[in-house]
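**Student:** Residues are numbered in this note's numbering as their position in the sequence shown, beginning at 1, plus a constant of 148.
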Amino acid sequence: SRSKLQDLEENLLLFFTGYSRKAGAVLLDQKQRSEKNDSEMIESLHFTKELGLSIKQALEAGKTKELAALMHRHWVRKKERSGGISNNQINRWCEVGLDQGALAGKLIGAGGGGFL
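(1) Is Phe195 helix, strand or coil when you go by DSSP?
(2) With DSSP as the reference, please indicate the residues paired to Phe263 in a beta bridge.
(3) What first and last residue would you give for the alpha helix (DSSP H) that runs through Ser151?
(4) Spatial neighbours of Phe163 within its chain, please: CB distance less than 6 Å, with the 5 preceding and 5 following residues excluded, ordered by chain position.
(5) Whole angstroms are fine: how far does the CA of Leu255 sit from the CA of Asn239?
(6) What residue from Glu208, Arg221, Asp177 has the CA that sits closest to Lys197's CA?
(7) Take every Cβ of the segment 230-249, pair it with every Cβ of the segment 197-214, and state whether three or more of those distances are shorter than 8 Å.
(8) So, is Ser192 buried or exposed, given that buried needs 16 or more other C-beta atoms within 10 angstroms?
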């Protein structure tokens, strides 16, 4: 609905981190571990797929707080997948946002930089 869309628009912020990266470099470890059937990586990717379906449902239902909680779960899990996903500064920005009342924070895309 229009009001749900407006609620979402009013509660999302997007910031450029100042860090640029090539997604291929960030995703290389994930690709190599997947090709080796690394059980931890495969399980993490399946978790992400299921979480994505839940995020889609929350988004379509206009459940902004549920969407935020799911996005946060995704970000926490994604950072565990590879060391190149985040860095101390990006983690700090997320912490500051959460301390100031944000319900979630995460990078968009492969990680390593771009938009928070």
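Note that beta-carbon positions come from the ideal geometry of N, C-alpha and C, so glycine has one too.
**Tutor:** So, to answer that:
(1) The residue given as residue 195 occupies position 47 in the sequence shown. Correct three-state label for Phe195: helix.
(2) In the sequence shown, residue 263 corresponds to position 115, counting from 1. Under the DSSP definition of a beta bridge, Phe263 partners with Phe164.
(3) As a position in the sequence shown, residue 151 is number 3, starting the count at 1. From DSSP, the alpha helix (DSSP H) with Ser151 extends over 150-158.
(4) The residue given as residue 163 occupies position 15 in the sequence shown. So the qualifying residues of the chain are Leu264.
(5) Position 91 of the sequence shown holds residue 239. Position 107 of the sequence shown holds residue 255. Straight through space, the alpha carbons of Leu255 and Asn239 are spaced by roughly 10 Å.
(6) If you number the sequence shown from 1, residue 197 lands on position 49. Nearest of Glu208, Arg221, Asp177 to Lys197, Cα basis: Arg221.
(7) Segment contact: the segment 230-249 against the segment 197-214, fewer than three CB-CB distances shorter than 8 Å; contact not assigned.
(8) To locate residue 192, count along the sequence shown from 1; it is residue 44. Around the beta-carbon of Ser192, 16 or more other beta-carbon atoms lie within 10 Å, marking it buried.
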